[in-house]
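Chains A and B, in that order, are what the protein sequence lines are. Whatever position you read off the first sequence (first residue = 1), add 815 for this note's numbering. Whatever position you read off the second sequence (first residue = 1), add 1409 for this note's numbering. Ideal placement from N, C-alpha and C gives every residue a C-beta, glycine not left out.
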Amino acid sequence: AQTVTQSQPEMSVQEAETVTLSCTYDTSESDYYLFWYKQPPSRQMILVIRQEAYKQQNATENRFSVNFQKAAKSFSLKISDSQLGDAAMYFCAYIYQGGSEKLVFGKGTKLTVNP
Amino acid sequence: SAVISQKPSRDICQRGTSLTIQCQVDSQVTMMFWYRQQPGQSLTLIATANQGSEATYESGFVIDKFPISRPNLTFSTLTVSNMSPEDSSIYLCSVRDRGYNEQFFGPGTRLTVL
């Protein structure tokens, strides 16, 4: 069964600094997608960034970028120039392109941004 | 991306009662999902609701406790039946964009059972 592991329950960063959130996953499949979701206190789940496993190039969305290491099954999220509004729970998620297509979530990392 | 609304946004209920949560999407979608998020926890999939067929429940969730309706491609309901304090959670509706395999979430319903 596929699993997603986020080893950092909590992280903190100073405003304007850079922080990296870790995620590892376990799968025997080769075609899949990986995501980072943000959940602020409003509880709305917001898709931050997605990565297709077949793409070697790391995805980037403005201040958010990923370091996708397929062989190591690692998918970390880097937030540059951190802002107070980045404070939230961040969930890493995996989905297999075929089969049951269930989105599998990690346990989350709570990010605090200090002014 | 799909715009998803949920009603109610929050509710406080007495044990033994039932609550029905509504999920409305602004476009037709094949796959809709219901998740539970217990306090301080990650999301747990309750069931997948496809239009025209019975919902598929995950291990640990049963239809008698969480009946689901999916009358059309833009709407679904989840009922939490015979509630107990352990049912206090956030319940989220979600839809899948198969073209990009992206999944979008509603704003959630915060349920407190006394």
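Classification of residue i by the beta-carbon crowding that lies within 10 angstroms, buried from 16 upward
i: Y869 (chain A); result: exposed
i: Q866 (chain A); result: buried
i: G931 (chain A); result: Since the first residue of chain A shown is 816 and the last is 930, residue 931 (chain A) is not available in this structure.
i: I1421 (chain B); result: exposed
i: S857 (chain A); result: exposed
i: V1471 (chain B); result: exposed
Of the listed residues the options, nearest to residue i (C-alpha basis)
i: Y840 (chain A); options: A:T820, A:Q884, A:F879; result: A:T820
i: T1521 (chain B); options: B:S1497, B:V1434, B:L1454; result: B:S1497
i: G1461 (chain B); options: B:V1504, B:Y1444, B:N1481, B:I1472; result: B:N1481
i: V1434 (chain B); options: B:L1523, B:Q1447, B:L1501, B:S1468; result: B:L1501
i: S891 (chain A); options: A:Q859, A:V863, A:E830; result: A:V863
Residue i at chain A interface by Cβ criterion, 8 angstroms
i: F1513 (chain B); result: yes
i: G1469 (chain B); result: no
i: P1448 (chain B); result: no
i: P1417 (chain B); result: no
CB contact check: residue i to chain B, cutoff 8 angstroms
i: Y817 (chain A); result: Here residue 817 (chain A) turns out to be Gln, not Tyr, going by the sequence shown. Not an interface residue.
i: G921 (chain A); result: yes
i: F890 (chain A); result: no
i: L926 (chain A); result: no
i: L836 (chain A); result: no
Considering only residues of the segment 1421-1467 of chain B, which uninterrupted beta strand (DSSP E) runs meet the minimum length of 3 residues and lie entirely inside it, listed in chain order? Counting only runs of 3 or more, we get 1428-1434, 1440-1446, 1453-1459.
Select from the segment 867-888 of chain A all residues with a C-beta closer than 9 angstroms to any C-beta belonging to chain B, and list them in chain order. E867
* Select from the segment 851-863 of chain A all residues with a C-beta closer than 7 angstroms to any C-beta belonging to chain B, and list them in chain order. => Within the segment 851-863 of chain A, the qualifying residues are R858, Q859, M860, L862.
Return the residues of the segment 1450-1461 of chain B that lie within a Cβ-Cβ distance of less than 7 angstroms from chain A, sorted by chain order. S1451, L1452, L1454
Contained beta strand (DSSP E) runs [length at least 3] in the segment 864-927 of chain A, N- to C-terminal order: Runs found: 879-884, 889-894, 903-911.
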